[in-house]
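Data block below; observations after.
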Amino acid sequence: MALKIDRNRSDLVEVITVEGEVDLYTSPDLRSAVLKAVRKAKERVEVNLAGVAYMDSSGVATLVEGFKKANESSKTFTLVAPSDSVMKVLQLAKLDGVFEIDRAP
Amino acid sequence: MNYDIRLEVRSDPRHLGLIRTLIHDWVDGFGLPHELVHDVVLAIDEACSNVIRHAYEGRGDGPLEIRLQALPEHLEFEVRDQGVPCPQECHERRSLEAPDADELQPGGLGVQLMHQVFDQVVFCPGEKRGNCVTMRLLRKR
Chain Y
1 MALKIDRNRS DLVEVITVEG EVDLYTSPDL RSAVLKAVRK AKERVEVNLA GVAYMDSSGV
61 ATLVEGFKKA NESSKTFTLV APSDSVMKVL QLAKLDGVFE IDRAP
Chain D
1001 MNYDIRLEVR SDPRHLGLIR TLIHDWVDGF GLPHELVHDV VLAIDEACSN VIRHAYEGRG
1061 DGPLEIRLQA LPEHLEFEVR DQGVPCPQEC HERRSLEAPD ADELQPGGLG VQLMHQVFDQ
1121 VVFCPGEKRG NCVTMRLLRK R
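Chains as they are written, first to last, in this note's numbering: chain Y, 1 to 105; chain D, 1001 to 1141.
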């Protein structure tokens, strides 16, 4: 399954909506979208993960990198409506408590 | 033949989706909980991704072999490559304490996820070439 990434922006917020499977093959696309959003956002980045059917550790590493970069520039980085598959890999990696997660958008 | 299924693909990350489908369909036939099937698929995907990233250093033309075998007590999964042997410290299990945001490191998670999911994980790097990792999952939970 391919990965579909949409980007929407308003004055202060960059929103990325991700659909499909995030693995070693597709995570470079997610990484460039996330890092771009972090650079462009004035205050906040939201990554909507409701449509992510699968995520591996390279996807998690991408989110960690985005989160750290956002923190460094005093921007908030929120995971919105993560799917079961995303929550599962975050829980296995013991990272579900680290991210700011908005379960119900 | 010490396996039920043997799949060999080139070490191209495009093939990971196919590998996940195979693992899902095979494991799903043993009546394991849905969540565990997901975790096994993830852990094998991580093992294969590590072969591509580390043993073949991103090259997509090396042989990547997967062997699956259902034994009376457990399901056995083997992932083999002919790439650079990975040093022992890459395989060690670390405690996955929930880190502070400051300590977060992107990467290095794959091996830890494999240890989290399987009952036994055995790495056998070759002396000059290749790696083999055997992962065992008890059938009675």
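Don't be surprised by glycine CBs; every beta carbon is placed ideally from N, CA and C. These numbers were taken from a predicted model, which means no experiment stands behind them.
8 Å Cβ cutoff, residue i in contact with chain Y
i	result
D/L1096	yes
D/P1013	yes
D/G1062	no
CB contact check: residue i to chain D, cutoff 8 Å
i	result
Y/S85	yes
Y/K69	no
Y/K40	no
Y/K36	no
Other residues of its chain near residue i: CB distance less than 6 Å, five sequence neighbours each side excluded
i	result
D/R1080	E1065, C1132
D/R1093	H1115
D/G1017	none
D/H1024	V1041
Y/Y54	E21, S85
Y/D23	D56
D/R1067	Y1003, R1006, E1078
Y/K106	Since the first residue shown for chain Y is 1 and the last is 105, residue 106 of chain Y is missing from the structure and cannot be characterised.
7 Å Cβ cut-off: residues of chain D touching residue i
i	result
Y/S58	S1049
Chain-ordered neighbours of residue i on chain D, where CB pairs are closer than 9 Å
i	result
Y/D23	P1013, L1016, G1017, R1020, D1045, S1049
Y/L90	In chain order: nothing, as chain D lies at least about 11 Å away.
Y/A50	Under the 9 Å cutoff, chain D gives no residues; its nearest Cβ is about 17 Å from Y/A50.
Cβ-based neighbour list, residue i, same chain, cut-off 8 Å, excluding 5 preceding and 5 following
i	result
D/Q1112	R1093, R1094, L1096
D/C1086	N1050, H1054, A1055, F1123, P1125, N1131
D/I1044	I1019, R1020, I1023, I1066, F1077, V1079, M1135
D/E1057	G1083, V1084
Y/A104	A81
Y/S60	It should be pointed out that residue 60 of chain Y corresponds to Val in this sequence rather than to Ser. Only V89, L90, A93, L95 meet the Cβ criterion.
Strand pairing of residue i, partner residues [DSSP]
i	result
Y/T17	Y/D6, Y/N48
Y/I101	Y/L79
D/P1125	D/N1131
D/R1139	DSSP output for D/R1139 lists no bridge partner at all.
D/Y1003	Answer is none; D/Y1003 lacks a bridge partner.
Y/V22	Y/M55
D/E1008	D/E1065
Same chain, Cβ closer than 7 Å to residue i, neighbours up to 5 away in sequence not counted
i	result
Y/A37	R7, E14, I16, V45
Y/A41	V13, E14, K75
Cross-chain neighbours of residue i in chain Y, by beta carbon under 7 Å
i	result
D/Q1116	L92
Amino acids of chain Y, ordered along the chain, whose beta-carbon sits closer than 8 Å to that of residue i
i	result
D/R1053	L24
D/E1035	K88
D/L1113	S57, V89, L92, A93
D/D1039	K88, L92
Per-residue contacts from residue i into chain Y (C-beta, under 9 Å)
i	result
D/H1074	Simply none; closest approach about 20 Å.
D/L1042	Y54, M55, D56, S57, S85, K88, V89, L92
| request: Note down, one range per segment and in chain order, each beta strand (DSSP E) of at least 3 residues found wholly within the region 1052–1122 of chain D. | output: 1063–1070, 1074–1081
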